[in-house]
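Working notes for the structure below.
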Amino acid sequence: MTIRARRAITGYLFILPFIIGFLVFMVRPLFNSFYMSFCDVNPNGLTMEWTGMANYKYALAADPEYNRLLSEEVSRMIINTLATLVLSFVVAVILNGKFKGRTLARAIFFLPVIFSAGVLLGLDSNMLGIEAQNTLMSGIGAAINESGGVNLTESLQNMLQASGIGTRAFRVVFDIIDSVYDIVIASGIQIIVFLSGMQNIPASLYEAAHVEGCSGWESFWKITFPMVSPLLLVNAIYTIIDFFTKSNNVVMEKISEVMYANYKFGVASAMSWIYFGISILMISVASLIITLGVKNVE
Amino acid sequence: MLLRRTMGQGAVSLIRGLLLFGLCFMIIQPLLMKLSVSLMEERDLYDSTVTLLPRHLTWANYELAASDTLLNYWKSLFNTFWISLTTAILQVAACTLTGYGFARFDFPLKKLWFACVILVIIIPPQTISTSLYMYFSNFDIFGIFKAITGRGLNLRSSFTPYALMCATCMGLKDGLYIFMIRQYFKGIPVSLEEAAYVDGCGFFHTFWKVMLPDAVPIMTSCFLFAFVWQWTDRFYTNNFLRGFTTLSGNLPGIQQRLNQLKSTTGQTLQVSISRVQQMISTGVIMTIVPLLILYVFAQRGFVESLSTSGLKE
Numbered sequence: 000m001t002i003r004a005r006r007a008i009t010g011y012l013f014i015l016p017f018i019i020g021f022l023v024f025m026v027r028p029l030f031n032s033f034y035m036s037f038c039d040v041n042p043n044g045l046t047m048e049w050t051g052m053a054n055y056k057y058a059l060a061a062d063p064e065y066n067r068l069l070s071e072e073v074s075r076m077i078i079n080t081l082a083t084l085v086l087s088f089v090v091a092v093i094l095n096g097k098f099k100g101r102t103l104a105r106a107i108f109f110l111p112v113i114f115s116a117g118v119l120l121g122l123d124s125n126m127l128g129i130e131a132q133n134t135l136m137s138g139i140g141a142a143i144n145e146s147g148g149v150n151l152t153e154s155l156q157n158m159l160q161a162s163g164i165g166t167r168a169f170r171v172v173f174d175i176i177d178s179v180y181d182i183v184i185a186s187g188i189q190i191i192v193f194l195s196g197m198q199n200i201p202a203s204l205y206e207a208a209h210v211e212g213c214s215g216w217e218s219f220w221k222i223t224f225p226m227v228s229p230l231l232l233v234n235a236i237y238t239i240i241d242f243f244t245k246s247n248n249v250v251m252e253k254i255s256e257v258m259y260a261n262y263k264f265g266v267a268s269a270m271s272w273i274y275f276g277i278s279i280l281m282i283s284v285a286s287l288i289i290t291l292g293v294k295n296v297e
Numbered sequence: 000m001l002l003r004r005t006m007g008q009g010a011v012s013l014i015r016g017l018l019l020f021g022l023c024f025m026i027i028q029p030l031l032m033k034l035s036v037s038l039m040e041e042r043d044l045y046d047s048t049v050t051l052l053p054r055h056l057t058w059a060n061y062e063l064a065a066s067d068t069l070l071n072y073w074k075s076l077f078n079t080f081w082i083s084l085t086t087a088i089l090q091v092a093a094c095t096l097t098g099y100g101f102a103r104f105d106f107p108l109k110k111l112w113f114a115c116v117i118l119v120i121i122i123p124p125q126t127i128s129t130s131l132y133m134y135f136s137n138f139d140i141f142g143i144f145k146a147i148t149g150r151g152l153n154l155r156s157s158f159t160p161y162a163l164m165c166a167t168c169m170g171l172k173d174g175l176y177i178f179m180i181r182q183y184f185k186g187i188p189v190s191l192e193e194a195a196y197v198d199g200c201g202f203f204h205t206f207w208k209v210m211l212p213d214a215v216p217i218m219t220s221c222f223l224f225a226f227v228w229q230w231t232d233r234f235y236t237n238n239f240l241r242g243f244t245t246l247s248g249n250l251p252g253i254q255q256r257l258n259q260l261k262s263t264t265g266q267t268l269q270v271s272i273s274r275v276q277q278m279i280s281t282g283v284i285m286t287i288v289p290l291l292i293l294y295v296f297a298q299r300g301f302v303e304s305l306s307t308s309g310l311k312e
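And the structure:
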């Protein structure tokens, strides 16, 4: 046996656990749910009847909510991903500097990752529909409401709208402000990734730039940003996946509602396959844009 | 000139301080709020002059939450602990093997299999949960059990299916661990292994004696992630571990059990929402305190490996 063949066999032995798991616990149920999405499933005996594209048609055309939730979710995903990338980059830049309490600040920013980003913290608001205690923003809003005014962002929004400045763009900004808590909670990993990228930049580069008369601002754009920008792709993809697979996003909730409350297994499967297709599309578009962008920077 | 510079620096550090303080406060505030609420007596909840700090301090909520009726705390803690520990060990073992295979060996269809790893990361577990659930309630390997006992095994309330999934890289976020471990191994120079091969060391022996000791940091961090994410996970717990009382599994049922408790003591009124909220806060605090302790001691383990694994292309 050649050394090549032996290496190949050993390689397969190493990844054997994954292959078994993938075939048994992933391909099989995946195929099953794909098949179910083309069938009318009777929940009592779990018998299936082939109905072709009927479930997909129902999900996209007949269901009153699904379309709207889907488009909302996608637009929110785009906005949140951009906001997360910007925020985590800025925080990483700040945490990369030297100041008192840096270790503590880092530890706190990573804390949501440990508590799996709101799975537990968001528990009460999800279950009872009460958010008053959960986010600082709504807490402030409530306080202002009590003292006679209206919600802070809302009043600002009204003011700006009254003065006739481009309302659509501002609505996006206000959406971001309203969901800033979710964004901060979801960006622990991204901050660490950016931070480690920045710390891997050799200090000699900055020294050389300094000797040549580069200001801090210039060396940030000429050294830090290009060196870290490949990590944008990793972070963007991580953020998108994280956003799409979070169990408390609205489409997921809709799917599990259709599945467990209405027992329409076929429709639920069709819905999750549409959702899955869209998430793959989004990830490929994002990676395409960022790869092209990074090439331009370099 | 000098004055302007110092002023500029002062302004920068002021803005930085404010921004960091604000963001950090936003992360911690819900926790502090929960802690404070959990220490209040029930009457403080209805007193509108009490907003932040409890007026009547009490441990009673913790005692109630720890009792059998609500969380069954010590038993749940024990269950959660050993489940998290076992699954984390299984996951790390399987993912290290797989990650090493992907990092160091060339074999046919490698790209395809790696695409499958990415697929595992992307597919939301909800997509396949129903079929897995049905599969495990009628579990069988090539029809062996059906031939013997006439029907498949019902594994729904046992730990076996989930342990099997973890041991074959299909547990919570295993695709991510495989990816991280592969990146880490790719970063280790090949020369070390080649020296071992030249000296006549076999593939597995080399892996065990040479590579594994080098991979301790990344394995530690994957272990820690697997441990804490399993600890707080509700999805897999609800689907596959219904037979066990666990902390994350018990939390959502608090409202119902509070109502039951009240009806057994003869009162018919529903428990008020703020009271339910308070008990949930208490439960959340009790659930995350062990994790907090772990984090304080193992913080380097969490963060450091992420920097060294350098999630780079």
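Protein chains in written order, with numbering that gives the first Met the number 0: chain A, 0 to 297; chain B, 0 to 312.
Idealized CB from N, CA, C, for every residue including glycine.
Computed from a predicted structure; not experimentally measured.
Option nearest A/Ser32 by Cα separation, candidates A/Phe173, A/Ile200, A/Lys263 and A/Pro63
A/Lys263
Checklist entry - What residues from the segment 272–285 of chain B come within 8 Å of chain A, judged by C-beta to C-beta, listed N to C? => result Ile272, Val275, Gln276, Ile279, Ser280 and Val283
| Under 8 Å Cβ-Cβ, which residues of chain B neighbour A/Tyr180? | Met25
query = In its own chain, which residues sit with a C-beta less than 7 Å from the C-beta of A/Phe88, not counting the 5 before and 5 after it?
reply = Phe193
Practice problem: On a CA-only basis, which of A/Phe17, A/Leu15, A/Ala185 and A/Arg27 is nearest A/Val112? Give me that one, please. | Solution: A/Ala185
query: Roughly how far, in whole angstroms, is the beta-carbon of A/Tyr274 from the beta-carbon of A/Val249, given that I think they are within contact range, below 8 Å?
result: Not confirmed; about 11 Å, so no contact.
Exercise for review: Look up B/Leu18 in the DSSP assignment and say whether it is helix, strand or coil.
Suggested key: helix
With DSSP run on the structure shown, which of helix, strand or coil describes A/Thr46?
strand
**Study point:** Endpoints, the beta strand (DSSP E) within which A/Asp181 is located
**Key:** Unbroken run through A/Asp181 is the alpha helix (DSSP H), Val179 to Ile184; no beta strand (DSSP E).
Unbroken alpha helix (DSSP H) runs of length 4 or more, entirely within the segment 56–94 of chain B: which are they?
59–65
Worksheet entry | Closest Cα partner of A/Val266 within the set A/Ile14, A/Gly212 and A/Tyr57 | A/Tyr57
What residues are listed by DSSP as bridge partners for A/Asp39? A/Glu48
Open item on the list: What would DSSP say about B/Met169, mapped onto helix, strand or coil?
Closed with: coil
Roughly how many angstroms lie between the CA atoms of B/Asn60 and B/Ile279, to the nearest whole one? 10 Å
- Query: What distance in whole Å lies between the Cβ atoms of A/Ile107 and B/Ile26, which are believed to be in contact at a cut-off of 8 Å?
  - Reply: 6 Å
Check your understanding: Do the segment 159–169 of chain B and the segment 93–103 of chain B make contact, defined as three or more Cβ pairs closer than 8 Å?
Key -> yes
Touching or not, the segment 176–192 of chain B and the segment 204–223 of chain B, by the rule of three or more beta carbon pairs under 8 Å?
yes
> Would DSSP call A/Gly140 helix, strand or coil?
Replying inline: Any reading at A/Gly140 must be qualified, since the residue scores a pLDDT of 40, below 50, and its modelled position is unreliable; the value itself is stated next. In this structure, A/Gly140 counts as helix in the three-state DSSP scheme.
Using a Cβ-Cβ distance under 7 Å, would B/Gly242 count as near chain A? no
Determine whether the Cβ of B/Arg299 lies closer than 7 Å to any Cβ atom of chain A. no
**Asked** Are the C-beta atoms of A/Pro302 and some chain B residue less than 7 Å apart?
**Response** Since the first residue shown for chain A is 0 and the last is 297, residue 302 of chain A is missing from the structure and cannot be characterised.
**Prompt:** Assuming B/Gly174 and B/Ile120 make a contact with CB atoms under 8 Å, what is their CB distance in whole Å?
**Reply:** 4 Å
Original post:
Using a Cβ cut-off of 7 Å, which residues of the segment 90–112 of chain B contact any Cβ in chain A, in chain order?
Top reply: Ala93, Leu96, Thr97, Tyr99, Gly100, Phe101, Phe104, Asp105, Phe106, Pro107 and Trp112
Taking a cut of 9 Å between CB atoms, which residues from the segment 75–94 of chain A lie near chain B?
-> Leu86, Val89, Val90, Ile93 and Leu94
Is there a C-beta anywhere in chain B that falls below 7 Å from the one on A/Arg260? The question names Arg, but residue 260 of chain A in the sequence shown is Ala. Not closer than 7 Å to any Cβ of chain B, the Cβ of A/Ala260 fails to qualify, so no.
For chain B, find out if any of its Cβ atoms is closer than 7 Å to the Cβ of A/Asn31; answer yes or no. yes
May I have the straight-line CA-CA distance separating A/Met136 from B/Met32, to the nearest angstrom? The predicted model places A/Met136 with a pLDDT of 37, which falls under 50 and marks its position as unreliable, so this point remains unresolved.
Legend entry - Interfacial residues, the segment 194–209 of chain B to chain A, with Cβ spacing under 7 Å: Phe202
**Asked** Roughly how many angstroms separate the alpha carbons of B/Phe104 and B/Tyr132, rounded to a whole number?
**Response** 35 Å
* **Classification of A/Val210 by the beta-carbon crowding that lies within 10 angstroms, buried from 16 upward** => exposed
Discussion item. Give me the residue from A/Ile222, A/Ser178 and A/Gly187 with the minimum Cα distance to A/Gln198.
Written reply: A/Ile222
Point to revise | Beta-carbon gap between A/Gly313 and B/Phe106 smaller than 7 Å | key: Residue 313 of chain A falls outside the range modelled here, since chain A spans only 0 to 297, and no answer is possible.
| request: Please state if the CB of B/Ser35 and the CB of B/Leu63 are separated by a distance shorter than 7 Å. | output: no
Does the beta-carbon distance from B/Ser37 to B/Asn249 come in below 7 Å?
-> no
Original post:
Within the chosen definition, does the segment 174–183 of chain A reach the segment 76–87 of chain A through at least 3 CB pairs nearer than 8 Å?
Top reply: yes
Please state whether the Cβ-Cβ distance between B/Ala102 and B/Phe202 is less than 7 Å.
no
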